[in-house]
Amino acid sequence: DVKVTQSSRYLVKRTGEKVFLECVQDMDHENMFWYRQDPGLGLRLIYFSYDVKMKEKGDIPEGYSVSREKKERFSLILESASTNQTSMYLCASSSPRQGWSNQPQHFGDGTRLSIL
Amino acid sequence: AQTVTQSQPEMSVQEAETVTLSCTYDTSESDYYLFWYKQPPSRQMILVIRQEAYKQQNATENRFSVNFQKAAKSFSLKISDSQLGDAAMYFCAYAANFGNEKLTFGTGTRLTIIP
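Sequence lines, in order, name chains A and B. Sequential numbering of the first sequence, starting at 1, is according to my numbering. Sequential numbering of the second sequence, starting at 117, is according to my numbering.
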């Protein structure tokens, strides 16, 4: 079965800390995505990557960076965490080889991050 | 830019009844996909149903069906014979059928099933 694994289900950090959220997929997917989910705002795309070492900004990239050194792993980095980054973070992956008619984005279970 | 609007933050339905969740979208593209995702309390996003814009026939998946009105840019989800396990957040999403496969999501509708 396909699997997207996020390293932590819950995470509590302090303002100013550097925070790493890790995501690993076992489906050999080219594309990986980081979303932020907030009540009343839905899911908003932070960054995505369509290949190793490639990245593109999504709709809300400010305050975040990403790293993709290996195809299966996509990391989201909060360089200096702030309280307004308290949120649920969802990772997803997909493959352009399969197209929208066959394969949707596969999501991880999310990381609920609290910044104190 | 594409936008997806879900105007019903919360809905409730009696078990075994039928409920319709609304979604409208805005795009200048002619070739795209629309999706409904379900997010239960376990948080796992589950694809419920998808619709290709070029297909006139509305998609159906068991108890789930859509009413796709391309000219009106409307994409509603109908759940028949509602079950307790249908309780979840439901997100409508859009993707253009080219490029980097970005999904644009609506703000979600929380569906409660009343026993």
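Glycine included, C-beta positions come from ideal geometry on N, C-alpha and C. Every value quoted in this text rests on a predicted model; they were computed, and no experiment measured them.
- Per DSSP, the unbroken beta strand (DSSP E) holding residue 68(A) starts and ends at 64-70.
- Going by beta carbons, residue 126(B) and residue 197(B) fall outside the 9 Å limit.
- Between the alpha carbons of residue 111(A) and residue 157(B) lies a distance of about 13 Å.
- It is roughly 13 Å from the alpha-carbon of residue 17(A) to the alpha-carbon of residue 113(A).
- Listed in chain order, the positions of the region 184-204 of chain B with a beta carbon within less than 8 Å of a beta carbon of chain A would be empty, since no residue qualifies.
- Nearest to residue 25(A) by alpha-carbon distance, out of 68(A), 116(A) and 83(A), is 68(A).
- Membership of residue 182(B) in the beta strand (DSSP E) is indicated by the continuous run 180-185.
- Interface flag for residue 207(B) against chain A is set, since a Cβ pair is found closer than 9 Å.
- A Cβ-Cβ separation of about 6 Å places residue 66(A) in contact with residue 75(A) under the 8 Å criterion.
- Distance between residue 51(A) and residue 30(A), taken at the CA atoms: about 5 Å.
- Per DSSP, residue 154(B) is one residue of the beta strand (DSSP E) stretching across 148-155.
- Under the Cβ distance rule, residue 223(B) counts among the residues neighbouring chain A, one pair being separated by less than 9 Å.
- For the region 2-31 of chain A, the full-length beta strand (DSSP E) segments reaching 3 residues or more read 4-6, 10-13 and 19-25 along the chain.
- Look at the beta carbons and you see the region 42-57 of chain A not touching the region 3-20 of chain A: under three pairs across the two are nearer than 8 Å.
- For the pair residue 225(B) and residue 210(B), the CB atoms are not nearer than the 9 Å cut-off.
- One Cα belongs to residue 89(A), the other to residue 64(A), and the distance between them is close to 12 Å.
- Contact of residue 94(A) with chain B is assigned, a C-beta pair being separated by under 9 Å.
- If you ignore the 5 residues before and after residue 161(B), its C-beta comes within less than 7 Å of the C-beta of 153 and 155, all in its own chain and listed in chain order.
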